[in-house]
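Numbering (the working numbering), first residue to last: 2 to 132.
Backbone N, C-alpha and C fix where the C-beta goes; we use that ideal spot for every residue, glycine too.
Presented below is the structure to which this report refers.
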C-alpha cells in the first residue's frame with residue numbers, strides 16, 4: 002500500500018534524523034495566524050497528551066484497540082492545529098486500520114515515539130515565547 006510506505010518513511014525519517022515534526026505555518030493557517038490561540042492550543046496539547054504515549058503502549062499490551070482508537074482519534078483532531086501534518090497522517094492511518102481491523106501495531110508503536118518528539122518540540126516553542 003503506497004500511502005503506508007510514505008507515512009512509515011516520513012515518521013521513520015523524523016524519528017531517525019531528529020526532524021522537527023511541527024510546521025508553524027500549518028498552525029498559523031488553521032488558527033488564522035492568532036499567536037495567542039496557537040500558544041493556548043499547544044499548551045493544552047501538552048497538558049492533555051503528555052501521558053498519551055505511555056497510555057497507548059499500555060493499551061497495545063492489552064490489545065485494547067478501542068481505547069487506542071479513542072485516544073489516537075483525539076490526537077488526530079488537534080494535530081493540524083498544533084502544526085503537525087505527520088502526526089495527523091499517522092493518526093488517520095491508525096484510526097482507519099483499527100476501524101477496518103487491519104493490523105497496525107508497528108504504526109501504533111511509532112506514534113508513541115512521534116508524540117514524544119512533538120511534545121518536546123512544543124515545549125521548546127513555548128519556552129522560546131517566555132521572556
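Assignment of residue 18 by DSSP, reduced to helix, strand and coil, places it in the helix class. When secondary structure is reduced to three states using DSSP, residue 52 falls in the coil class, being assigned neither helix nor strand. Under the DSSP assignment, residue 25 falls in the alpha helix (DSSP H) whose first and last residues are 25-31. Below 8 Å, enough C-beta pairs join the segment 78-89 and the segment 111-123 to call them touching: three or more. Per the Cβ contact rule, the segment 47-56 is not in contact with the segment 9-18 (fewer than 3 Cβ pairs under 8 Å). The beta carbon of residue 58 is closer than 7 Å to those of 113 in its chain, skipping five residues each way along the sequence.
By the neighbour-count criterion, in which 16 or more other beta carbons inside 10 Å mark a residue as buried, residue 103 falls on the exposed side. For residue 16 and residue 74, the gap between their C-alpha atoms comes out near 21 Å. The C-alpha of residue 34 is placed about 32 Å away from the C-alpha of residue 108.
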